[in-house]
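S.K.: Okay, so the sequence shown: first residue is 49 according to my numbering, each after it adds one. All C-beta atoms in this analysis are idealised placements derived from N, C-alpha and C, irrespective of residue type, glycine included.
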Amino acid sequence: MNDQVKDQSRSIRRHHVERLKNARRRFWGRDLSGERKHLSMVVDTPCPCSCFMCGNPRRRWRKKTIQERRHEAIVKEDFNPGL
Ligand SMILES: [Zn+2]
Numbered sequence: 049m050n051d052q053v054k055d056q057s058r059s060i061r062r063h064h065v066e067r068l069k070n071a072r073r074r075f076w077g078r079d080l081s082g083e084r085k086h087l088s089m090v091v092d093t094p095c096p097c098s099c100f101m102c103g104n105p106r107r108r109w110r111k112k113t114i115q116e117r118r119h120e121a122i123v124k125e126d127f128n129p130g131l
């Protein structure tokens, strides 16, 4: 990757980090604008929770996630078209 492309991808990433910090200023049920640490955290971890509603169903109920079930349905359809 040449330096110009690297600079561009960095600036794009920084742009999106700033955009998300602004968009998620009021998140987690409160105003995070004064909390620099939590404002940075909310960019990468919008849902810092693993309760039974937010967490991975494989861990909780040994059930596959929606994405996994959707993928399996697509693969199955590809192998058996029309079924
Ligand atoms: Zn939760």
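Under a criterion of Cβ closer than 6 Å to any non-hydrogen atom of ligand 1, which residues qualify, in chain order?
M.R.: C97, C99, M101 and C102
S.K.: Please classify V90: is it buried, with 16 or more other beta-carbons within 10 angstroms of its beta-carbon, or exposed?
M.R.: buried
S.K.: Helix, strand or coil: how does DSSP classify F100 here?
M.R.: Three-state DSSP puts F100 in coil, outside helix and strand.
S.K.: For a quick check, are the C-beta atoms of S81 and R72 less than 8 Å apart?
M.R.: no
S.K.: Pull up the CB-CB distance for T113 and R107, whole angstroms please, since I reckon it's below 8 Å.
M.R.: Wrong, their Cβ atoms sit about 10 Å apart, outside the cutoff.
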